[in-house]
Amino acid sequence: MLVEYVNEALHRARYIVDGRGFCATVPGLPGVIAAAESLEACGDQLAEVVEDWVLVRVWRGLRVPRLGGASVRVRRARAGASRTRPAKGLYGKPKR
């Protein structure tokens, strides 16, 4: 889900060339900006920025806007639900 979202953001990115390299933003994702000396490095940095931006929004309980067909949905854990799974041994059988 996150990979598809980042890929859609990269597809929608707007790049500009300035005197020092490249700068990229993604329409609809406020505060997402990347800058680097090469186009490839700028795209790589933009992917990291989008991923971090999504994770911060999820952590803060903020909505992550839909980008075309890509979305990030977060389900809240039920009260009392275990956050860890028991360790499993060979072939998925529980360890004893």
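Numbering (the numbering used here) for the sequence shown: 19 to 114.
A virtual CB, placed ideally from N, CA and C, is assigned to each residue, including glycine.
From a predicted model like this one, the values you see are computed outputs, not experimental measurements.
query	result
Residue closest to alanine 31, alpha-carbon to alpha-carbon, out of Val72, Val74, Gly49 and Leu64	Leu64
Candidates Leu20, Leu47, Ala52 and Val21: closest to tyrosine 33 by CA position	Ala52
Inter-residue Cα distance where the pair is leucine 57 and histidine 29	14 angstroms
Own chain, CB closer than 6 angstroms to valine 82, minus 5 neighbours either side, in chain order	Val72, Arg75 and Val90
Given valine 35 as reference, the closest of Gly61, Ala27, Leu47 and Gly87 once Cα atoms are compared	Gly61
Continuous beta strand (DSSP E) assignments of at least 3 residues falling wholly in the segment 51 to 82	51 to 54
Residues sharing a beta bridge with leucine 85, DSSP	Ala88
Alanine 31 in three-state terms, based on DSSP	coil
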